[in-house]
Structure formats: C-alpha cells, structure tokens
Amino acid sequence: MSFKINDSVKWVGKIDWELRTFHGEEYSTHRGSSYNSYLVQDEKTVLIDTVWTPFAKEYVANLKKEIDLHKIDYIIINHAEPDHSGALPELMREIPNTPIYCTANAVKSIKGHYHQDWNFVVVKTGDKLNIGSKDIVFIEARMLHWPDSMFSYLTGDSILFSNDAFGQHYASELMFNDLVDQTELYQEAIKYYANILTPFSKLVEKKIEEVVAMNVPVSMICTSHGIIWRENPLQIVTKYMEWAKDYQENQVTIIYDTMWDATKKMGEAIAAGIKSTNPNIAIKLYNTAKADKNDIITEVYKSKAVLVGSSTINKGILHSVAGMLEQIKGLGFKNKKAAAFGSYGWSGESVQIITEELKKAGFEVIDNGVKALWNPDQESLDKCYELGKQFGITLK
Ligand code: FEO
6 MSFKINDSVK WVGKIDWELR TFHGEEYSTH RGSSYNSYLV QDEKTVLIDT VWTPFAKEYV
66 ANLKKEIDLH KIDYIIINHA EPDHSGALPE LMREIPNTPI YCTANAVKSI KGHYHQDWNF
126 VVVKTGDKLN IGSKDIVFIE ARMLHWPDSM FSYLTGDSIL FSNDAFGQHY ASELMFNDLV
186 DQTELYQEAI KYYANILTPF SKLVEKKIEE VVAMNVPVSM ICTSHGIIWR ENPLQIVTKY
246 MEWAKDYQEN QVTIIYDTMW DATKKMGEAI AAGIKSTNPN IAIKLYNTAK ADKNDIITEV
306 YKSKAVLVGS STINKGILHS VAGMLEQIKG LGFKNKKAAA FGSYGWSGES VQIITEELKK
366 AGFEVIDNGV KALWNPDQES LDKCYELGKQ FGITLK
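In the numbering used here, each number is its position in the sequence shown, counted from 1, plus 5.
Written as structure tokens, this is what we have:
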C-alpha cells in the first residue's frame, strides 16, 4: 500500500495491525501501529525513514513498485531505532552508495545496529538539502526521544517530518487526523507522551519554542507512527506544550497488587475516603497484576496524586508493584502527591518499601501510609478511609 499525501509526497510505509507490544514487551499497542516512510519527489528524490526490520523485504519490494530504487538520490534517517532504520540493510544492498543524511549520533547508532559503513552525510540544525524547487531543512531534536532524533522540514509544501514526536501507536487505514476517531487518536497520543516522552518534557518545551521561533508555516506534520496531522496540524503541538508542563487532570489513581484481597479492600476504603471529601475528583483503581502497565502509567501521568499498595511478601513487595514503581521512577513524573498502603501477615515491610520508592521517584509523600495486619478489620479500614479523606481535602 502507498498513498499520496500531496503532489510531491507519497507515504510508502507499513501499517502493522497485529502489533501488540513495542520496544520488546515494554509498551502495549492495543491498536497496532504504523512505520511511516515518505518518498519526496522534486528534481531530486528523497526517501525519509524506512520501516521495522521484520517488514524490510516487503517494504523494499513495495518501494520498487513506486520507483526505480536507483532514482533515489538521498535517504534521510530522522532517527535510527530499528522501527525506522530496520529496512536499511535490505535497501542498501540494492543502492549501497546512496547518501544517508542523519545526525552524528545517528551515524553511531546505525553503525551500532548494522555494522555497515554506508555513505553517511552528517547534518545539524539549520543545514539544508536542496532538492530542486524546494529545500529540506534539518532540525536536531536531541532526546526527543533519543540522542540522534531530528526533524526534517520540507519548504514549499511546509511539511514537518517529525519522526516519533507527535506520533501515536495507532493503526488506521484512514491515516489522517481529520478522518479518524478523535477519542482513539488522543488516547493513543497521550499514552505515547506519558510512556515515552515524559522524561524529556523540559526539552519538548524548549524544542517547540525553538521551532515556533523559526516562524515557518506548517501545513502538515508527518509523524513516523500513526496518523498524519493534516487538519489544524498545530493542535498536537499545542497539546504537547500543555502535556510538557507537568500536565494534570482532576484525578487520583490508586494502584495495588493483592494476595487475598486484603490490600484491595484497603485501596477501596481509601477511594471511599477520597470521595467523601472530594466528590468531583476522578478516582481510578488498578490492580497492577491485571491491568495493562502502560495504560496505568497514562493514568498516573494524568493524576494529581497516586496511592500505591502491596501485600508484604518475603520481606518485600509483590513483583507487579515493584515493576510499576521502577517504570514510574524512570519516567520522572513531577508535582504529584503520594502515599503507600498494604496488608501483611508476618513482618510487614511493604508500606515502608513503597514509601521509599515513591520518594526516590520524586513524589511528595504526604503521609506515612497505612499497614494492616491480616485481613483489614474495621479499625484498619477506618484508617484507610481517613487517609483517603486527607487526600481528598489536599487535592481540592
Ligand atoms: Fe519509533 Fe524511537 O522509534
């Protein structure tokens, strides 16, 4: 499949409807994804990004139906993770001398992945590649989300090829933002931001300000995953600015794992306490062993506060909570309140362990938390309810 984006740009990527996890098992992709690759034709022909390795043969075969590969004058690799560079070995076997335009960091990354010394042309912000009546201008986008990431801007058509930034893991044959379901689109866009871009929020803000200051028109944003922003394309840029500034909704999220439902009952008592003092706040509960980890991260990202519970097991905490705390710590969420809770039968370390982890993750722990021996009795449930009341008032 290929389709025209306008008279000079064609999409030649791959929609991956089956994909259910990405980055190994690190990111769930309930709605699949796409690897967007673009063919730009002027006096010169440019290929921007490729597709993930498993689709390399199919991609190159399809590309041959679009163009004689030897007529590709330049390849641009905006980012070298294998979901974008994965077809390079297959492609470069056919056209080994074609120059590959990318950042200095991308050269290291591509060589690291494929151990080939192709004809790299290193570019930096402001460099231009003339392709006839138009230029492609390069803008480094370091740490959005890798050290090698960059954007390419096509003058004349005013298209920003943003690679991962502004993308979503979202398979759709419709391929344009104005044609797809808006709830699905924004659900995938915010999940992508929360799980991938949160640690780089300060850089997102700076980069957007830098691009806005360039004062160039943007008619379309062609991302490397999901749909193309065509109608009011800057809406996603505005959203990113909002999301980058410690974005929060009026929400509190309670996450826990539980062995015999004791810790679960504690979480529910906390929720009831929050609701009693703050009936308008959204309260969401997730069992970390049952709900999708990346959906939970998205809810944590949206929350003003997070309560984390686990039974004590072997002087530690349950593995699903440990995994979630590790992920949360890596994402560096800012400006969120937190506390811990959990039941135990012997030693009861879980609340202290979680509290320490929450502090390490940068949360403001506003209470020492609640421990309950065995199945929580009314007194323990009352303590949970009180903890919830305290959060409800604090979050008003
Ligand atoms: Fe879509 Fe960072 O790769």
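Idealized CB from N, CA, C, for every residue including glycine. It should be emphasised that the depicted structure is a prediction, and the values quoted were computed from it without experimental measurement.
Per-residue DSSP class, three states only, for residue i
i	result
D140	strand
N168	strand
W234	strand
A377	strand
G272	helix
W248	helix
T15	Thr is not the amino acid found at residue 15; the sequence shown has Lys there. DSSP places K15 in strand when its eight states are reduced to three.
S229	coil
Y106	strand
G424	Only positions 6 to 401 of the chain appear in the structure, and residue 424 is not among them; the question remains open.
D266	coil
A194	helix
V126	strand
Q256	strand
Residue i versus residue j: straight-line alpha-carbon distance, rounded
i	j	result
G272	Q256	15 Å
S352	W123	60 Å
E375	I259	A small correction: the amino acid at residue 375 is Val; Glu does not occupy that position in the sequence shown. If you take the alpha carbons of V375 and I259, they lie about 14 Å apart.
V126	K133	12 Å
S163	G117	33 Å
D266	P381	10 Å
N11	C227	12 Å
heavy atom of ligand 1 below 8 Å from residue i C-beta
i	result
E86	yes
N299	no
G367	no
N168	yes
G314	no
G328	no
G397	no
G231	no
G172	yes
H118	no
Cβ neighbour criterion (16 or more within 10 Å) applied to residue i
i	result
N83	buried
E304	buried
Q383	exposed
E254	exposed
V217	exposed
Worksheet item: Does the segment 63–73 come within contact of the segment 205–223, defined as at least 3 CB pairs closer than 8 Å?
Response: No, because fewer than three Cβ pairs between the segment 63–73 and the segment 205–223 fall closer than 8 Å, the two stretches do not touch.
Discussion item. Would the segment 274–285 count as touching the segment 391–398 if we require 3 or more Cβ pairs under 8 Å?
Written reply: The segment 274–285 is in contact with the segment 391–398.
Worksheet item: Is it a yes or a no for the segment 97–117 touching the segment 159–171, going by three-plus beta-carbon pairs under 8 Å?
Response: Under the 8 Å Cβ criterion, the segment 97–117 does not count as touching the segment 159–171, having fewer than three qualifying pairs.
Worksheet item: For the 8 Å Cβ check, are there 3 or more pairs between the segment 353–360 and the segment 314–332?
Response: The segment 353–360 is in contact with the segment 314–332.
Discussion item. Quick check: the segment 359–371 against the segment 241–255, are at least 3 beta-carbon pairs closer than 8 Å?
Written reply: Taking 8 Å as the limit for Cβ pairs, the verdict is that the segment 359–371 does not touch the segment 241–255.
Fill in: Cβ contact check for the segment 34–47 and the segment 12–20: 3 or more pairs under 8 Å
The answer is yes - the segment 12–20 touches the segment 34–47, with three or more Cβ pairs under 8 Å.
Discussion item. Does the segment 154–162 come into contact with the segment 185–193, if we say contact requires no fewer than three beta-carbon pairs (one atom in each stretch) closer than 8 Å?
Written reply: The segment 154–162 makes no contact with the segment 185–193, as fewer than three CB pairs between them are under 8 Å.
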